[in-house]
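A.B. asks: This is the structure I have questions about; it appears just below.
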Amino acid sequence: MIAALLLAALAGQAAPAPAAPAPAPQGEPMACTIGPVERNFGGSDWAVFACSDGKSAVVLSKPGSPAAPFFFAIQPQPDGHYAIAGEGTGDKALSEAAGNALRNLGKAGLAQLVADARAAAKK
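According to mature numbering (1 follows the signal peptide of the UniProt record, and there is no 0), the residues represented by the sequence shown are -19 to -1, 1 to 104, in order.
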């Protein structure tokens, strides 16, 4: 699932996605190409893409960043919390700092991050 989210987000860097796609039906791959909005987490720059479910996001290290290549997948869980998973081979200290910064956002902050990426796509 994480690899599919990453591929969808990377594809979105080359071509902008529609501003407000319909949520993905259950069982179909989710596209994470809405946005991006740029943010700094843990001292490095990241591009945040919202996903077609309206609740999830992918956070990609910016090209040229010492944290690159690295990404985080952020997905809501049934209990209302968010799962944050990351993969990559960029600078470990920077990716850990970014992961901690994302976790420190909490539920409301992560939901706002998704909303910000969706709003950036509408500009």
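Note that the Cβ used here is the ideal one computed from N, Cα and C, for glycine as well.
Are there 16 or more other CB atoms within 10 angstroms of the CB of G16, so buried, or fewer, so exposed?
C.D. replies: Your numbering for residue 16 matches position 35 in the sequence shown. Flag for G16 reads buried.
A.B. asks: Residue range of the beta strand (DSSP E) that G69 falls in?
C.D. replies: Position 88 of the sequence shown, counted from the start, is the residue given in the question as residue 69. Unbroken beta strand (DSSP E) run through G69: Y63 to G69.
A.B. asks: Here's the rule I'm using: 16 or more other beta-carbon atoms within 10 Å means buried, otherwise exposed. How should T14 be labelled?
C.D. replies: Walking along the sequence shown from the start, residue 14 turns up at place 33. The residue is buried, with at least 16 neighbouring Cβ atoms inside 10 Å.
A.B. asks: Since D72 and P47 should fall inside the 8 Å C-beta cutoff, what is the C-beta to C-beta distance between them, to a whole number of angstroms?
C.D. replies: If you number the sequence shown from 1, residue 72 lands on position 91. If you number the sequence shown from 1, residue 47 lands on position 66. Confirmed, Cβ separation roughly 4 Å.
A.B. asks: Taking only runs that begin and end inside the region 27 to 62, name each unbroken beta strand (DSSP E) of 3 or more residues, in chain order.
C.D. replies: The qualifying runs are 38 to 42 and 51 to 57.
A.B. asks: Once the 5 residues before and after Q58 are set aside, which same chain residues still bring their CB inside 6 Å of it?
C.D. replies: Here residue 58 refers to the residue found at position 77 of the sequence shown. Result list for Q58: A64, in chain order.
A.B. asks: To which residues does DSSP link S25 through a beta bridge?
C.D. replies: One-based indexing of the sequence shown puts residue 25 at position 44. S25 pairs with F22.
A.B. asks: Which residue's Cα is closest to the Cα of S42: K36, D34 and E19?
C.D. replies: Here residue 42 is taken as the residue at index 61 of the sequence shown, counted from 1. Selected option, being the one with the closest Cα: E19.
A.B. asks: Among residues of its own chain, excluding the 5 on either side of A78, which ones have a beta-carbon nearer than 8 Å to its beta-carbon?
C.D. replies: The residue given as residue 78 occupies position 97 in the sequence shown. Only F22, G23, G24 and S25 meet the Cβ criterion.
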